[in-house]
Amino acid sequence: MAEPVNRSTSQSSLVRTQAGAPQQGASSQKPLSKEQVHKPEPVNKITGGIFIVAMEKKEEPQRSSAHEVDDDSPKDEFQELLQTLEQVSCDGLPLLKYYGCWVPIVTFRMILAAQKHFKAKDTDIILSTMPKSGTTWLKALTFSIANRHRFTIDQSPLLTSSPHTLVPFLDLNVYWDQENPDLENIPRPRIFSTHMHFKMLPHSIHETDCRTIYLCRNPLDQFVSYIHFSSQNEFGKGRDLVAIDEAFDMYCRGMSSYGPFWDDILGYWNAHLENPGKVLFLKYEDLKEDITSQVKKIAEFIGFPFSLEEEEQGLIDQISGLCSFESLRNLAVNKTGDINGVVKHASFFRKGQVGDWTNYLTPAMAERMKQLMDSKFEGSGLMFKT
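Position one of the sequence shown corresponds to residue 3 (the numbering used here), numbered consecutively onward.
(1) On the criterion of 16 or more Cβ atoms from any shown chain inside 10 Å, does K141 qualify as buried, or is it exposed?
(2) Would you list the one or two residues that DSSP bridges to G261?
(3) Using a Cβ-Cβ cut-off of 7 Å (strictly less than) and excluding sequence neighbours within five positions of W271, which residues of its own chain qualify?
(4) Over what stretch of residues does the alpha helix (DSSP H) that includes V297 continue unbroken?
(5) Would the segment 129-137 and the segment 252-263 be scored as touching if the rule is three or more Cβ pairs under 8 Å?
(6) In the DSSP assignment, the beta strand (DSSP E) including L217 goes from what residue to what residue?
(7) Determine the burial state of R219: buried for a count of at least 16 other Cβ atoms within 10 Å of its Cβ, exposed for fewer.
(8) What residues in its chain sit with their C-beta under 6 Å from that of P96, if we drop five residues either side in the sequence?
(9) Report yes if the CB atom of T162 is closer than 8 Å to the CB atom of V335, and no otherwise.
(10) Express the C-alpha separation of V297 and S329 in angstroms, rounding to a whole number.
(11) For A122, which residues from the same chain have a beta carbon less than 6 Å from its beta carbon, with the 5 sequence-adjacent residues on both sides left out?
(12) Take Y216 and list the residues in its own chain whose beta-carbon comes closer than 6 Å to its own, dropping the five residues that flank it on each side.
(13) Runs of 4 residues minimum, wholly inside the segment 163-194: which ones carry the alpha helix (DSSP H) assignment?
(14) Alpha carbon to alpha carbon, how far is F153 from P221? Give it in angstroms, no decimals.
(15) By the three-class DSSP mapping on this structure, what secondary structure does P96 have?
(16) DSSP three-state call for F80: helix, strand or coil?
(17) Return the residue from the list L317, Y101, P159, F200 that minimises the CA-CA distance to I293.
(18) Can you tell me which of L143, E88, Q85 puts its alpha carbon nearest to the alpha carbon of S322?
(19) Nearest to W359 by CA position, among M112, L87, V226, is which residue?
(20) What alpha helix (DSSP H) runs, 4 residues minimum, are completely inside the segment 120-154?
(21) Rounded to a whole number of angstroms, what is the C-alpha to C-alpha distance between D435 and H197?
(22) Taking N277 as the reference, which of E186, S377, T214 has the closest Cα?
(23) Taking 8 Å as the cut-off, decide whether the C-beta atoms of V169 and A116 are in contact.
(24) Just the Cα atoms here: how many angstroms apart are K99 and E88?
(25) Identify whether P117 lies in helix, strand or coil by the three-state DSSP scheme.
(26) When you compare only the Cα positions, how much space is there between N332 and E82?
(27) Could you check how far apart the C-beta atoms of L160 and F194 are, in whole angstroms? I think they sit under 8 Å.
(28) Report the rounded CA-to-CA distance for Q31 versus R192, giving the unit in angstroms.
(29) Residues in its own chain within less than 7 Å of A301 by CB, not counting five upstream and five downstream?
(30) CB H199 to CB Y286, shorter than 8 Å?
(31) By a C-beta neighbour count over all protein chains shown, 10 Å radius and 16 as the cutoff for buried, is S158 buried or exposed?
(32) I think M367 touches F250, with their Cβ atoms under 8 Å apart; what is that distance to the nearest whole Å?
(33) Classify V226 as helix, strand or coil using the three-state DSSP reduction.
(34) Exposed or buried, what is L275 when buried is set at 16 or more other beta-carbons lying within 10 Å of its beta-carbon?
(35) With a CB to CB cut of under 6 Å and the five nearest residues on each side skipped, what residues in its chain are close to L289?
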């Protein structure tokens, strides 16, 4: 097995249940010293829980609400900030405008905690996506690539643990129970995920040599996937019913969970252009079209390239197969359970297709989106098929 290397460089009638800061620039890359190149550490092979093992050092009291904060956190400061931010109800889901982005109130406290306390390491890997853009897939692939020397395919923790447990969200899992948890004992490389825009990421992510992988998806498919997703989860229960055309109008005006989508996409795209050795920009459609080349690209980017021997043994195909939509969806662990009682594991798996938006959106909607993307992405070099 290869060891880690020094890293250089719905129709319109569909109805559903709904639920300012300066830009931070990417840092320039420096070669890693021998001390910075970590050989992966042992992990508890009984649970396979790389994140779980590190976090089970002590029990913390459970919160009754995601809006509560720790007793030792600045509650007054948090509440005061909350009162200063513009708020809207998007499809019944309360959103706050923060850093020019509409973030769900349910994740706001965790975002603040991550920005304040997260200390990135040079060997960290950060996975960023808009909701319903292939997050689960990217987590499974990256985890498997980076940990293939620890586990054979038939011993993979993915067989017994959700990708969202193995690669936790900075803006959900990590800071849910504690404002400042101890993350030092997580074996290297630590892999975290987020829906935060590039400019919202904790400063340490920009200031260190950690790598960020961003995966985007055609906004039409991302929108359709998200409206199905939201209706299945706790945050979508008890909300007002909203027609898809109304939800689409809000989406096109930037009012969606972690919207506007164009700001998120362009933020990571420009960061990738500025420093491709630190930010990798991927498209969901490219993974669907040629998974082998994309897996190799991810492996090289994070410093775990496949050896010729591994390629000849078919390891890339094995990892791709293990992490495929059908494989993950059919695992018992992904059919039950949830993230903090808010998001069901099963809701992450619907169709996993490209172009499913044609079954739900009208030609007029598609044309509006085309014109919007042409306007927002003009001159960027970014293109999405519609």
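Positions of the beta carbon are idealized from the N, C-alpha and C atoms, including for glycine.
None of these values were measured; they are calculated from a predicted model.
Working from what's here:
(1) Sixteen is the threshold: when 16 or more other Cβ atoms of the shown chains lie within 10 Å of the Cβ of K141, as they do, the residue is buried.
(2) Partner(s): W104.
(3) Cβ within range, chain order: F283, S382, L384.
(4) For V297, the enclosing alpha helix (DSSP H) starts and ends at 293-303.
(5) Yes, the segment 129-137 is in contact with the segment 252-263.
(6) Element bounds for L217: 213-218.
(7) A buried status is given to R219, since no fewer than 16 other beta-carbon atoms sit within 10 Å of its beta-carbon.
(8) In the same chain as P96, and ignoring 5 residues on each side of it, the C-beta atoms closer than 6 Å to its own belong to I107, in chain order.
(9) Cβ atoms of T162 and V335: closer than 8 Å.
(10) One Cα belongs to S329, the other to V297, and the distance between them is close to 17 Å.
(11) Same-chain partners within the cutoff: S206, I207, T210, C212.
(12) Cβ within range, chain order: S130, Y270, F283.
(13) Secondary structure remark: continuous alpha helix (DSSP H) runs of at least 4 residues inside the segment 163-194, in chain order: 165-168.
(14) A direct Cα-Cα distance of roughly 35 Å separates P221 from F153.
(15) P96 carries a strand assignment under DSSP once its states are collapsed to helix, strand and coil.
(16) When DSSP states are grouped into helix, strand and coil, F80 belongs to the helix group.
(17) Nearest in C-alpha terms to I293, of all of L317, Y101, P159, F200, is L317.
(18) Sorting L143, E88, Q85 by C-alpha distance to the C-alpha of S322 places L143 at the top.
(19) The shortest C-alpha separation from W359 is found at V226.
(20) Runs of the alpha helix (DSSP H) inside the segment 120-154: 137-148.
(21) The chain is shown only over 3 to 388; residue 435 falls outside these bounds and no answer can be derived.
(22) Of the listed residues, the one whose Cα sits closest to N277 is T214.
(23) No, the Cβ-Cβ distance between V169 and A116 is not below 8 Å.
(24) In a straight line, the C-alpha of K99 is about 5 Å away from that of E88.
(25) Before going further, note that residue 117 is Gln rather than Pro in the sequence given. Three-state DSSP puts Q117 in a helix.
(26) Here the C-alpha atom of N332 lies approximately 45 Å from the C-alpha atom of E82.
(27) For L160 against F194, the beta-carbon gap comes to about 17 Å, at or over 8 Å, which does not count as contact.
(28) Reliability of the predicted coordinates at Q31 is poor, the pLDDT of 42 falling under 50, and no value is obtained from them.
(29) Here A301 has I147, P307, F308 as same chain residues with Cβ atoms under 7 Å from its own Cβ, once five neighbours each way along the sequence are excluded.
(30) Contact: no.
(31) Within 10 angstroms of the beta-carbon of S158 lie 16 or more other beta-carbons, which makes it buried.
(32) In this structure M367 touches F250 by the C-beta definition: roughly 6 Å separates them, less than 8 Å.
(33) Shown here, V226 sits in a helix according to DSSP, grouped into three states.
(34) Around the beta carbon of L275, a 10 Å sphere encloses fewer than 16 other beta carbons of the protein chains shown; the residue is thus reported as exposed.
(35) In the same chain as L289, and ignoring 5 residues on each side of it, the C-beta atoms closer than 6 Å to its own belong to Q296, in chain order.
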